[in-house]
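One structure is given below, encoded as structure tokens.
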Amino acid sequence: MEETYALRMEHVSKNYGDNAVLKDVSLSVKPGEIYALIGENGAGKSTLMNILFGMSVIRDTGGFDGKVIIDGVEARFNSPNDAMAAGIGMVHQEFMLIPGFTITENIKVGREDTIPTLASRIFGKSLEKLDNKKMNADARKALDSIGMDIDQHVRVAGLPVGYMQFVEIAREIDKENIKLLVFDEPTAVLTESEAKGLLSVMRSIAKRGIAIIFITHRLSEVMDVADRMTVLRDGEVVASKNIIDTDIPEIAELMVGRRIEKLVDENETHYTHSDEIALKIRDFQVDMPGETVNHIDLDIHKGEIFGIGGLAGQGKVGIPNGIMGMFPAYGEVEIFGEKLQFSKLGDALHKGVACVSEDRRGVGLLLDESIENNIIFNAMTIKREYLTGLGFAHLVNAKKVRAFAKEMIKTLDIRCTGPQQRVGSLSGGNQQKVCLASALALNPRLLIVSEPTRGIDIGAKKLILEHLVDLCRNHGLTIIMVSSELGELRSICDRIAIVAGGEISSILAPDAPDVEFGLAMSAARVSQEVS
Amino acid sequence: MSEKKSIWSKIGNTLIKNNVTVLFVLLCVGAFFASTYTLPSLFTELFTRLGRNTFLVLSLLIPVVAGLGLNFGIVIGAIAAQIAIFLVVHWGFTGFSGILMTVLICTPLAVLFGFLVGKLFNSMKGTEMIGGLVAGYFSDGLYQLLFLVILGGVIPINNSTLMISTGMGVKNVINLKDNLRYAIDEVSMLSIINVAFYAGILIGVILIVYRLIKKQDLQLKKLLTVLIPVIALYGISYVPAIRTFLSTPRLMLLNAVELGVIGVALFNIYKLIRLTAIEKKQGVPIKQLLYIAGAGAVYASTYISVIYQSLCAVHLPVLTFMLIGALCLFMPWLMNTKLGQDMRTVGQNRAVATSSGINVNRVRIIAMILSTVLASYGQLISLQNIGTVATYGSHQQVGLYAIAALLVGGASVQHATVKHALLGMVLFHTLFILSPNAGQQLLGNAQIGEYFRVFVAYGVIALALAMHAWSNRGPKKQRGTLVR
Ligand SMILES: Nc1ncnc2c1ncn2[C@@H]1O[C@H](COP(=O)(O)OP(=O)(O)OP(=O)(O)O)[C@@H](O)[C@H]1O
Ligand SMILES: [Mg+2]
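Protein chains in written order, with numbering that gives the first Met the number 0: chain A, 0 to 530; chain B, 0 to 483.
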């Protein structure tokens, strides 16, 4: 009678301490099906997947109730190992890659191909020699099958985030016995066209009979690829539907429990040109692997929201990284007339520039510290704020810190148990909000945000973008927003620069027609063909 | 950016990145010119120290790779060696059989100790360096208890040369002069060739029998390519002149260099012929030609009088340096096995390792065991050269000096290679040899020279760690910090 399901999860509940994160959640996924899992930040999506994957966080915090059934057999995974052995793969929301390893090594990590040697016959399998040739060939094949032409011998360190995503996927599809693949927000940092590529890769994986669970905050993607979906709200299933029976507004409403209006009011009064220049860039170059910037000139006026867009690998991410001194940069940069010294570490910070990095795990957060400490850490060390001076001894002004953290939690809607919760135990989207709060705590003159809404649900996204607009219009903050999402850029920016081939291909008004944006993004290719 | 600028900035960057090493090169050169040492006298002392300590330093590499940091726990390996030496001396073994006996005793001891330390480290991940230091002190305490009280006190030991006259506790110094001294250093090349010959034949026979029984391909060709040189060498060793040369207990460095040059040249000529005549490759085989030219240049340089004198002044302990060489080859080999790759993964990121199915704790324990065993062999090599065991002191500085040397070579807490170890050994010990003399010449006071020597030994670690922390702060390396 019943169809065979690749995966069934039945009546799953999970508490983190007093916090009930999942309540009686059930879902079932068929082979070859793309199943979307949707919900606000902190709704419990990643937690559900951690349970499926046998992650140790779950066991360490008291386990869970309910059943996980794979291919009709109840599974009890004690470790990710068991889950992998049962054919479950995961493309993580936070990259599980080793920066110091090459792409091949990362794809094959823990599953290296080996050749027996004399020593291995005597002392056991672990002394078998690595079969580098086969591993490189396999890696090449996996990369090709998802349309990545990057060299597999390259180290992952310094690759653009978008590429890392593909390396993770390559790793999963290189596994032979794979039956079910979980994608936790794989498209969050990709531009629309790149995301399209990824979606078609997902479709072709599903065609091979592999079941896919797809977590995303971009509802249009759900409509695009998914067959069925489940919406979670505060840890409960609010609906499970076939995609053909629903539409975006309905899903959005199910997620948040109310209707979502348009991102930001269209009739927003756009800025009036200020003559003061906040950021002046001349002949700017950045040596960031995979995101090289060649020769950029740019003037950004005080009080504007300036957008920077473009495809991954074209250099848009390189600009903020160069200014903040994360990668070697050359040329001239002036911040409110003061010349930036690249050789001086943190000079940009001292000159009143704050930056939210797109790589929040790598440089953004201290995961074992509380929310409030993360928020004020930079302000404290760089601007010596939130300290009560007592001669030499400076004490942290706990009251002031607490008050500011609370304010941020409210304005940015950080879903947490309180300012003292460990950042590592927040959901991905809420970690992103803490990053933003920490930049705001610096009280900057110029704020650079790189992928500020990465992994953030549509409700919270609106809130954050509105807050940025408010800071700009009413408090005179100058904002540079780097984003892969054109829609987001166009909704709040005053001007948008499109970067292609490490150069600015054009600067457009937000209401310029789509074609112009499209042309600008492919400018590099067009001009190459011409010349 | 112009070509020129980028080249200069590249050179600048490499220098800055290796600031510790660069500083020590400068110090060494400076100290050499300030001191009264000549190159030959420096060489003699330096090679003695290299033979003594390199093995120990190399034993540090594995834990670094596996993410256990610079492991002060190697003191525990040294302790294993000393316990074994005590027993062997007490039982009256001498010479190379004494060494074999020591190895037989200290290996299981070191395995056990390494296992225990590994267990300990697994329960204190992230703070292994401090853990190792404390574990070192703790086991030193146990060791003292053993040697001061238990030996003679609890276990009766009748040996007036080893024990304090009251019969309880071991004397301050164990003299190895009549039993183990130079037992490894002075194994002649002739004996090595003989052993290699018999071992080669034995292994060959076993392999053939094994393959016959298992009905596998005999792979005779492969076997012969290994065996024929061994047999040829054995045959040649009967030529009288060569036999006398091979029987000398040590090898003059000059001869070693000559042999090396001939070896490199012959090998590359063989390759050259193979490439052009047999495989008919197009184009000039530049690599081989360069090697041959290099070998020629090295040989020519031995005719420079200072170099000639220096090379003549050094007499290498053959087996010791062969063991060191073998370990140098073993490390990259190990890193190219599944186990080595697992160690690297664990060292890079434990979370990724766990989630990709590697048993992190097991890998770390294996790394500790390997390192401890190697450290115990290293201590054995070192002590048989020194000739005396300071019962309560020999093991204490082992970790300190080895770590200092490794750091000087440009290694860091997360990254260390054979190259770092070798370079570090040369620099650290050169400075160690020169500094008292240089101090005296410059400041006219022997005492200050002595102080300087102690200062160098201890200061190096602090300096190296501080400078590493500093160079790690440059752009790009900010992962994990909060600077945005
Ligand atoms: N290790 C942990 N300890 C305590 N609470 C946790 C832990 N991990 C997650 N939580 C809490 O569980 C809830 C669900 O988090 P989860 O990561 O599953 O959300 P999510 O749906 O994946 O959100 P996002 O879209 O932001 O990624 C959150 O309230 C979070 O704070
Ligand atoms: Mg999540």
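Even for Gly, the Cβ is constructed at its ideal location relative to N, Cα and C.
Can you tell me the Cα-Cα spacing of R363 of chain B and D81 of chain A, whole angstroms?
21 Å
At a cut-off of 7 Å, is A404 of chain A close to ligand 1 when judged by its beta-carbon and the heavy atoms of the ligand?
no
The beta strand (DSSP E) spanning M480 of chain A covers which residue range?
477 to 481
Any heavy atom of ligand 1 closer than 7 Å to the Cβ of S356 of chain A?
No; taking the cut-off as 7 Å, the Cβ of S356 of chain A has no heavy atom of ligand 1 nearer than that.
Give the straight-line distance between the Cα atoms of V255 of chain A and G161 of chain A, rounded to the nearest whole angstrom.
28 Å
Leaving out five residues on either side along the sequence, give the residues of the same chain with a beta carbon under 6 Å from the beta carbon of A78 of chain A.
The amino acid at residue 78 of chain A is misidentified as Ala; the sequence shows Ser. Here the set comprises G53.
Taking 8 Å as the cut-off, does the stretch 376 to 383 of chain B touch the stretch 49 to 60 of chain B (at least 3 CB pairs, one atom from each stretch)?
With the cut-off at 8 Å, the stretch 49 to 60 of chain B and the stretch 376 to 383 of chain B touch.
Tell me which residues share the same chain as Q527 of chain A and place their Cβ nearer than 7 Å to its Cβ, disregarding the 5 neighbours each side in the sequence.
Low confidence applies to Q527 of chain A: its pLDDT is 42, below 50, so where it sits in the model is not reliable, and the reading given next is rough at best. Counting only Cβ-Cβ distances below 7 Å, and skipping sequence neighbours, we find nothing.
Is G414 of chain A close to ligand 1? I mean its beta-carbon at under 7 Å from any heavy atom of the ligand.
Reading the sequence as shown, one finds Arg at residue 414 of chain A and not Gly. Indeed, a heavy atom of ligand 1 lies less than 7 Å from the Cβ.
Name, please, each residue of chain A whose Cβ falls closer than 7 Å to the Cβ of L338 of chain B.
S125, L126
Is D246 of chain A near ligand 2, with its Cβ less than 7 Å from a heavy atom?
no
Within its chain, find whatever has a CB closer than 6 Å to the CB of A214 of chain A; leave out the 5 residues flanking it on each side and keep chain order.
The question names Ala, but residue 214 of chain A is Ile in the sequence shown. Excluding sequence neighbours, I214 of chain A sits near L36, K44, D183, E184.
Please work out which residues of its chain come closer than 6 Å, Cβ to Cβ, to L180 of chain A, disregarding the five sequence neighbours upstream and downstream, and give them in chain order.
G88, E171, I209, I211
When every heavy atom of ligand 1 is checked, does at least one fall within less than 7 Å of the C-beta of A436 of chain A?
no
Count the other CB atoms, across all protein chains shown, that sit within 10 Å of the CB of G306 of chain A; report buried if there are 16 or more and exposed otherwise.
buried
Enumerate in chain order the residues of its own chain whose CB-to-CB distance from G97 of chain B is below 7 Å, with the five nearest sequence positions on each side excluded.
Sequence-distant Cβ neighbours of G97 of chain B in its own chain, meaning closer than 7 Å and more than five residues away, are V87, N178, L179, A182.
What residue ranges within the stretch 442 to 482 of chain A form continuous beta strand (DSSP E) runs of no fewer than 3 residues, ordered along the chain?
The qualifying runs are 445 to 449, 477 to 481.
How about the stretch 17 to 37 of chain B and the stretch 335 to 355 of chain B: do they share at least three Cβ pairs that are nearer than 8 Å?
no
List the residues that DSSP assigns as beta-bridge partners of L26 of chain A.
Looking at the DSSP output, L26 of chain A bridges to A:M8.
Looking at C-alpha atoms only, which residue of A:L158, A:L467, A:A511 is the closest neighbour of I491 of chain A?
Comparing Cα-Cα distances from I491 of chain A to each of A:L158, A:L467, A:A511, the minimum goes to A:L467.
If we cut at 8 Å on Cβ distances, does I357 of chain B have a partner in chain A?
Output row for I357 of chain B: interface = yes.
Within this structure, are the beta carbons of G324 of chain A and A347 of chain A separated by less than 8 Å?
yes
Measure the beta-carbon distance from A311 of chain A to Y34 of chain A and round it to whole angstroms, keeping in mind my assumption that it falls under 8 Å.
Between Y34 of chain A and A311 of chain A the Cβ distance is about 26 Å, and since that is not below 8 Å, they are no contact.
Measure the CB-CB distance between V155 of chain A and L96 of chain A and report whether it falls below 8 Å.
yes
Report the rounded CA-to-CA distance for L253 of chain A versus T229 of chain A, giving the unit in angstroms.
10 Å
At 8 Å on the CB atoms, spell out the chain D contacts of P79 of chain A, in chain order.
Looking for chain D here will not work: the only protein chains present are A and B.
Can you list the residues of chain B that E111 of chain A reaches, using a CB-CB cut of under 7 Å?
Here the neighbours are K337, Q340.
Cβ closer than 7 Å: which chain A residues qualify as neighbours of N384 of chain B?
None at all; the shortest Cβ gap to chain A is about 29 Å.
For chain B, is any of its Cβ atoms less than 8 Å away from the one on G99 of chain A?
At a cut-off of 8 Å, the C-beta of G99 of chain A has a neighbouring C-beta in chain B.
Does the beta-carbon of T46 of chain A, which I'm using as the reference point, lie nearer than 7 Å to any heavy atom of ligand 1?
yes
For Y15 of chain A and V316 of chain A, I'd like the C-alpha separation in whole angstroms.
36 Å
When burial is assigned at 16 or more other CB atoms within 10 Å of the CB, is M147 of chain A buried or exposed?
buried
Put N193 of chain B into one of helix, strand or coil per three-state DSSP.
helix
Any beta-carbon of chain A closer than 8 Å to the one on I15 of chain B?
no
Please tell me whether, using a cut-off of 7 Å, the distance from the CB of S424 of chain A to the nearest non-hydrogen atom of ligand 1 is below it.
Yes, the Cβ of S424 of chain A comes within 7 Å of a heavy atom of ligand 1.
Can you pull the DSSP bridge partners for R249 of chain B?
B:P316
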